[in-house]
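Notes follow the structure.
Protein chains: 2
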Amino acid sequence: MSSPCPESSPDTQNSKASLTPLLHLVEDDLKAVNRMIVHRMQSPVSLIPQLASHLIASGGKRIRPLITLASTKLCGYEGVHHITLAACVEFIHSATLLHDDVVDESTMRRGVVSAHEVWGNQESVLVGDFLFSRAFQLMVEVGSLEILSILSSASASIAQGEVLQLLTAQNLATTQESYLEVVTSKTARLFEAASEIGAVLAERSAQEREALANFGRNLGIAFQLVDDALDYSVREAKFGKNAGDDFREGKMTLPVVYALERASPEEKAFWKRTLGELQQKEGDFNQAIAYMTRHKTLERTLENATCYAREAQTQLRIFSPGPFRMALEALTSFVIDRTS
Amino acid sequence: MSSPCPESSPDTQNSKASLTPLLHLVEDDLKAVNRMIVHRMQSPVSLIPQLASHLIASGGKRIRPLITLASTKLCGYEGVHHITLAACVEFIHSATLLHDDVVDESTMRRGVVSAHEVWGNQESVLVGDFLFSRAFQLMVEVGSLEILSILSSASASIAQGEVLQLLTAQNLATTQESYLEVVTSKTARLFEAASEIGAVLAERSAQEREALANFGRNLGIAFQLVDDALDYSVREAKFGKNAGDDFREGKMTLPVVYALERASPEEKAFWKRTLGELQQKEGDFNQAIAYMTRHKTLERTLENATCYAREAQTQLRIFSPGPFRMALEALTSFVIDRTS
Numbered sequence: 055m056s057s058p059c060p061e062s063s064p065d066t067q068n069s070k071a072s073l074t075p076l077l078h079l080v081e082d083d084l085k086a087v088n089r090m091i092v093h094r095m096q097s098p099v100s101l102i103p104q105l106a107s108h109l110i111a112s113g114g115k116r117i118r119p120l121i122t123l124a125s126t127k128l129c130g131y132e133g134v135h136h137i138t139l140a141a142c143v144e145f146i147h148s149a150t151l152l153h154d155d156v157v158d159e160s161t162m163r164r165g166v167v168s169a170h171e172v173w174g175n176q177e178s179v180l181v182g183d184f185l186f187s188r189a190f191q192l193m194v195e196v197g198s199l200e201i202l203s204i205l206s207s208a209s210a211s212i213a214q215g216e217v218l219q220l221l222t223a224q225n226l227a228t229t230q231e232s233y234l235e236v237v238t239s240k241t242a243r244l245f246e247a248a249s250e251i252g253a254v255l256a257e258r259s260a261q262e263r264e265a266l267a268n269f270g271r272n273l274g275i276a277f278q279l280v281d282d283a284l285d286y287s288v289r290e291a292k293f294g295k296n297a298g299d300d301f302r303e304g305k306m307t308l309p310v311v312y313a314l315e316r317a318s319p320e321e322k323a324f325w326k327r328t329l330g331e332l333q334q335k336e337g338d339f340n341q342a343i344a345y346m347t348r349h350k351t352l353e354r355t356l357e358n359a360t361c362y363a364r365e366a367q368t369q370l371r372i373f374s375p376g377p378f379r380m381a382l383e384a385l386t387s388f389v390i391d392r393t394s
Numbered sequence: 055m056s057s058p059c060p061e062s063s064p065d066t067q068n069s070k071a072s073l074t075p076l077l078h079l080v081e082d083d084l085k086a087v088n089r090m091i092v093h094r095m096q097s098p099v100s101l102i103p104q105l106a107s108h109l110i111a112s113g114g115k116r117i118r119p120l121i122t123l124a125s126t127k128l129c130g131y132e133g134v135h136h137i138t139l140a141a142c143v144e145f146i147h148s149a150t151l152l153h154d155d156v157v158d159e160s161t162m163r164r165g166v167v168s169a170h171e172v173w174g175n176q177e178s179v180l181v182g183d184f185l186f187s188r189a190f191q192l193m194v195e196v197g198s199l200e201i202l203s204i205l206s207s208a209s210a211s212i213a214q215g216e217v218l219q220l221l222t223a224q225n226l227a228t229t230q231e232s233y234l235e236v237v238t239s240k241t242a243r244l245f246e247a248a249s250e251i252g253a254v255l256a257e258r259s260a261q262e263r264e265a266l267a268n269f270g271r272n273l274g275i276a277f278q279l280v281d282d283a284l285d286y287s288v289r290e291a292k293f294g295k296n297a298g299d300d301f302r303e304g305k306m307t308l309p310v311v312y313a314l315e316r317a318s319p320e321e322k323a324f325w326k327r328t329l330g331e332l333q334q335k336e337g338d339f340n341q342a343i344a345y346m347t348r349h350k351t352l353e354r355t356l357e358n359a360t361c362y363a364r365e366a367q368t369q370l371r372i373f374s375p376g377p378f379r380m381a382l383e384a385l386t387s388f389v390i391d392r393t394s
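Line by line, the protein sequences give chains A and G. What the first sequence shows, in our numbering, is residues 55 to 394, in sequence order. What the second sequence shows, in our numbering, is residues 55 to 394, in sequence order.
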């Protein structure tokens, strides 16, 4: 998958970058989603809600369920199932985070110590499985096989993307194309599904459904590219994630792919040692940032993210202008402009 | 949950203990299930089928999918969806095994080195997630929301049971009742679901559906009790699992609960050190077996298993006698008599 617009195109985001309009529009619905999340993570086995709430209640931005709420409302849906589906989407996302914590051995998530550091890997895997199963139970309650199909495919895609990411780690030959394949599978497919199910629930046309799927996918790619750039920033306190995680794990993200494209022989040797062989010493992370600054790879990554965000916004034009379309446009700009 | 018959009741299994009648009856169907398993574990990410086939193709007995095939045919079903559902059940089971390998840190599964020892924990977690998602994709293809509900509830129950097992490990105060709660959740619910969905697929009465659910649940408890007794046998080569795993991990299984009930002060100190504190040294496993032999705890466990097996067979009486009922009775006896 190639970038939807030339990398050199200027940043011309028009809409104000903010979550506020959307949060305002779906305030009551989001409260209902949060209540459902707390209610449906319950289990007679009390460790499950304890561990799950450690993650889920620790203040994520709920971007994926917000997308489901907004896309559903954009499509004029008047029922109640959007609450359930938004909770499903957050459960699936939370399950992948719990499993990803095990995978990544990262010690921090959303600014607090990871669940697996408090309770152990075993518990994180199993509570992830519980949340994942619970998501499917909720989908069954909604009763749409089409939505079950979309979300089960997205779940399979996430797992495939995560495996692919493991396989590309430490591989300096990783191309921009294969990097984008990872990003699309592991991140963008859930954004795509979260958005598409709004149109399905509201029984809108295939064209509108496709537009919302495309919106979500492009937004998800933009989101991940920004995440990857932020991982080479040093605003840890604000971002609430360990900056430098990707570096420590030898992940071949776009900032690295770009840095390698323009690397001098000396720089190539640096990347080979630090990412290819994971032989890292103090100061290496700052050196990596210095090389990235030299080649403007973070700027290039963010420009690329902006292109995907713009494509996401373009997809919304099929819908009449109105508060929900504007709020989704503002959310898209927010994804690009965020510093955390 | 208490035992369905007095522990002292004699073993009066009537049917010949064998998988052969069932394997003969569903031979073609089972081949179709195996083809579907191989076909549907495929992914563009080649590590996924490699790792999955390492587990799935390594020669499990396919007891759970066999139950689905048999219960469906017992109910007179003439369609093709039973193949898909049997594959689903095996995918869910395989996903839990992959996650259980991570959880248990056991190095052997079905006589070969565990997947996570070859590929690492990360891959095992993610391929488990893939198989789990794929199972739901297959269920969606069958198109029964009722079956989706049964299998998603069973999946949530498995995760709850596994967490509960972690919590009871090393706890010498574990009662027979709480042990059976673990077994019912982590093992018997999938047997129950595998059996019940046969009646649902064949659109049989609520009474027959309930009978098949009860059959599966009781069979599943019997199966796990026998597994737990075998873990204190020393026939590793034949059983293809590390005997002694439960001991090393401090799992409070029924043989241990029984041994503690009758333990002398000296024996209590032994169990406290070895299981409560996991302070184990060479010879301890054999000492554990010696204490169990003294108090006949393995025999008592197997007698208890036999009671559940008999209850399972009783549940089948609602169906007219015939080859499938007989084959399920023989399977039930096989579960008790197996040495591996």
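Here a beta-carbon is modelled for each residue, glycine too, at the ideal position from N, C-alpha and C. All of these numbers come straight from a predicted model, not from anything done at the bench.
Out of the options, state which residue places its alpha-carbon closest to the alpha-carbon of residue i.
| i | options | result |
| --- | --- | --- |
| G/ARG89 | G/LYS322, G/ALA124, G/LEU105 and G/ALA140 | G/ALA140 |
| G/ASP154 | G/GLU216, G/MET95 and G/ARG188 | G/GLU216 |
| A/LEU226 | A/ARG316, A/SER107 and A/ILE91 | A/ARG316 |
| G/VAL254 | G/ILE102, G/THR328, G/SER97 and G/LEU205 | G/LEU205 |
| G/ASN301 | G/LEU356, G/GLU321, G/TRP325 and G/SER203 | Rather than Asn, the amino acid found at residue 301 of chain G in this sequence is Phe. Of the candidates G/LEU356, G/GLU321, G/TRP325 and G/SER203, the one whose C-alpha sits nearest the C-alpha of G/PHE301 is G/TRP325. |
| A/ILE23 | A/LEU382, A/SER387, A/PRO375 and A/ASP391 | Within the shown structure, residues of chain A are numbered from 55 to 394, placing residue 23 of chain A beyond reach of any answer. |
| A/HIS136 | A/ASP82, A/GLN104, A/SER100 and A/ALA106 | A/ASP82 |
| A/GLU320 | A/LYS305, A/GLY304, A/GLU303 and A/GLN341 | A/GLN341 |
| G/MET380 | G/VAL389, G/ILE390 and G/GLN367 | G/GLN367 |
| G/GLN104 | G/LEU77, G/LEU84 and G/SER178 | G/SER178 |
| A/ALA256 | A/GLY130, A/ASP299 and A/PHE184 | A/GLY130 |
| A/ILE102 | A/SER148, A/VAL134, A/LEU279 and A/VAL87 | A/SER148 |
| G/PRO75 | G/PHE388, G/ARG392 and G/THR393 | G/PHE388 |
| A/ILE50 | A/LEU266, A/ALA260, A/PHE378 and A/VAL236 | What the structure shows of chain A is the stretch from 55 to 394, and residue 50 of chain A is not part of that stretch, so it cannot be assessed. |
| A/MET346 | A/ASP391, A/ILE372, A/LEU370 and A/SER318 | A/SER318 |
DSSP three-state label for residue i, please.
| i | result |
| --- | --- |
| G/ASN225 | coil |
| G/GLU231 | helix |
| G/ALA71 | coil |
| G/HIS349 | coil |
| G/ALA359 | helix |
| A/CYS142 | helix |
| A/GLN219 | helix |
| G/ARG263 | helix |
| A/LEU180 | helix |
| A/TYR312 | helix |
| A/MET306 | coil |
| G/ALA111 | coil |
| G/MET95 | coil |
| G/GLU320 | helix |
| A/PRO375 | coil |
| G/VAL87 | helix |
| G/ALA366 | helix |
| A/GLN333 | coil |
| G/ARG258 | coil |
| A/GLY252 | helix |
| A/LEU76 | helix |
| A/LEU151 | helix |
| G/LEU105 | helix |
Could you round the C-beta distance between residue i and residue j to whole angstroms and report it? I think they count as a contact, below 8 Å.
| i | j | result |
| --- | --- | --- |
| G/LEU151 | G/LEU220 | Not quite, the Cβ-Cβ distance comes to about 16 Å (not below 8 Å), so this is no contact. |
| G/ALA1 | G/VAL80 | Absent from the model: residue 1 of chain G. The displayed extent of chain G is 55 to 394, so no value can be given. |
| A/LEU273 | A/LEU73 | About 13 Å; that fails the 8 Å criterion. |
| A/ALA283 | A/LEU356 | 5 Å |
| A/VAL395 | G/SER203 | This structure gives no information on residue 395 of chain A, because the portion of chain A shown stretches from 55 to 394. |
| G/CYS142 | G/LEU199 | Not a contact, Cβ separation roughly 14 Å. |
| G/SER239 | G/GLN214 | 5 Å |
| A/PHE190 | A/SER97 | Not a contact, Cβ separation roughly 15 Å. |
| A/GLU212 | A/ILE251 | This sequence places Ile at residue 212 of chain A; Glu is not what is there. That belief does not hold up - the Cβ atoms of A/ILE212 and A/ILE251 are roughly 15 Å apart, past 8 Å. |
Got a sec: does the ligand GDP put a non-hydrogen atom nearer than 7 Å to the Cβ of residue i?
| i | result |
| --- | --- |
| G/GLY130 | This structure does not include the ligand GDP; it has no bound ligands of any sort. |
Would you say the stretch 114 to 132 of chain G touches the stretch 93 to 102 of chain G, given that touching needs at least three Cβ pairs under 8 Å? no
How do the stretch 304 to 311 of chain A and the stretch 352 to 372 of chain A stand: do at least 3 beta-carbon pairs fall below 8 Å, yes or no? yes
Evaluate the contact criterion for the stretch 227 to 245 of chain A versus the stretch 318 to 333 of chain A: three or more CB pairs, one atom per stretch, below 8 Å. no
Are three or more beta carbon pairs between the stretch 353 to 371 of chain G and the stretch 333 to 342 of chain G nearer than 8 Å? no
Please list the segments of the alpha helix (DSSP H) lying wholly inside the stretch 185 to 213 of chain G, counting only runs of 4 or more residues, in order along the chain. none
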